[in-house]
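S.K.: With the sequence shown counted from 1, adding 2 to any position gets you this note's numbering.
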Amino acid sequence: MRTVERIAIIGAGNMGSGIAQKSAQEHFEVQMVDREQQWVDRGQQIISDFLAEAVERR
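#1: Let me know if I11 comes out buried or exposed under the rule of 16 or more other beta-carbons within 10 Å of its beta-carbon.
#2: Would E31 and E7 qualify as a contact pair, given that the criterion is a beta-carbon distance under 8 Å?
#3: Does the separation of the CB atoms of A26 and G45 fall below 8 Å?
#4: Let's see if you can read the secondary structure: which residues bound the alpha helix (DSSP H) around R44?
#5: Rounded to whole angstroms, what is the Cα-Cα separation between I9 and Q33?
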C-alpha cells in the first residue's frame, strides 16, 4: 500500500482553506481548487492571515 503524500481540497472557503492549512502543516502537498480563481486566492489569504496572527500571538 502506498502512503498518501498529495491531496486536493475542493472548495476554498473557510472549511476548505482550514483543511488545506492543517494538511500542509502535516507535510502533505496540497492543491486547493474552486470554481473561480478569486475564491482560491481568498482561501490562500485566509490561511496567510491566520498564520500571521498565530505568529503575532507567540
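Cβ coordinates follow ideal geometry from the N, Cα and C atoms, glycine included.
M.R.: In this structure, then:
#1: buried
#2: yes
#3: no
#4: 39-59
#5: 6 Å
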